[in-house]
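Heads up, the sequence shown is in this note's numbering, so the first residue is 35 and it goes up one at a time.
Please read the structure below before turning to the comments.
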Amino acid sequence: MSNELIKAYLNTSYVVNMAGEDAAIRVGQDLPEAVVRLVQSMGVGTFEVAVITACNPHSRRLSEAENQSRQGVLAELLGWHRFPIFPATGIGDEGDWSEPGFLIVGVSRSMAVSIGRCCQQNAVIYAEAGGPAELVSCV
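If you want it as structure tokens, here you go:
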């Protein structure tokens with residue numbers, strides 16, 4: 035990934051909607067308390083989460099219809115794996131960019147990267163208990 039693309043990921047808030055309560059995940063920062071409480075309340079076997087989108091593969095802009103279709107396929111894939119998911123939106127700090135995605139609960143780092151690769155993404159956001167959110171390359 036280029037330095038410019040990495041900077042774009044780092045200058046983004048990944049806002050998760052959890053039953054009406056929003057929480058922003060940022061790379062390099064600990065997960066918001068609301069996300070920690072949510073994951074703990076779900077009783078999943080592992081405290082790992084990822085934010086993944088299927089939109090704009092390899093940072094190539096697609097139409098809204100194409101991105102919606104890709105997001106639908108991703109939601110179906112996650113459903114097959116029975117991962118709990120919550121809507122998330124990546125919002126650039128400049129406010130000129132946003133992209134829908136999902137917070138996936140109970141997904142391992144390797145599975146998150148595999149899903150990201152399946153969706154032709156450059157990277158995913160990953161975090162586990164007690165650690166900060168990380169930008170993890172899929173390429």
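Even for Gly, the Cβ is constructed at its ideal location relative to N, Cα and C.
Cβ-based burial, Val-61 [other Cβ within 10 Å; buried from 16]: The residue is buried, with at least 16 neighbouring Cβ atoms inside 10 Å.
Does any heavy atom of the ligand SAM sit closer than 7 Å to the C-beta of His-92? For the structure depicted, the ligand SAM is absent and the ligand set is empty, with no information on it obtainable.
For the alpha helix (DSSP H) holding Gly-124, just list the boundary residues, first then last. Counting along the chain, Gly-124 falls outside any alpha helix (DSSP H), though it belongs to the beta strand (DSSP E) covering 119-126.
When you compare only the Cα positions, how much space is there between Gln-102 and Lys-41? Taking the CA atoms as reference points, Gln-102 sits about 25 Å from Lys-41.
In chain order, which beta strand (DSSP E) runs of at least 3 residues are fully inside the segment 54-142? Here the runs fully enclosed are 55-59, 82-86, 119-126 and 132-139.
Looking at C-beta atoms only, is the number of pairs between the segment 65-77 and the segment 141-150 that lie closer than 8 Å three or more? Here the segment 65-77 makes no contact with the segment 141-150; the two share fewer than three CB pairs at distances below 8 Å.
Pairwise C-alpha distance: Gln-74 and Asn-51: The straight-line gap separating the alpha-carbon atoms of Asn-51 and Gln-74 is approximately 16 Å.
Beta-bridge partners of Leu-169, as assigned by DSSP: According to the DSSP secondary-structure assignment, Leu-169 is paired through a beta bridge with Ile-159.
Under 8 Å between C-beta atoms of Ala-146 and Ala-57: No, these two residues do not count as a Cβ contact at 8 Å.
Beta carbon proximity, Leu-111 to chain C, threshold 8 Å: Checking the listed chains, one finds no chain C in this structure; it contains a single protein chain.
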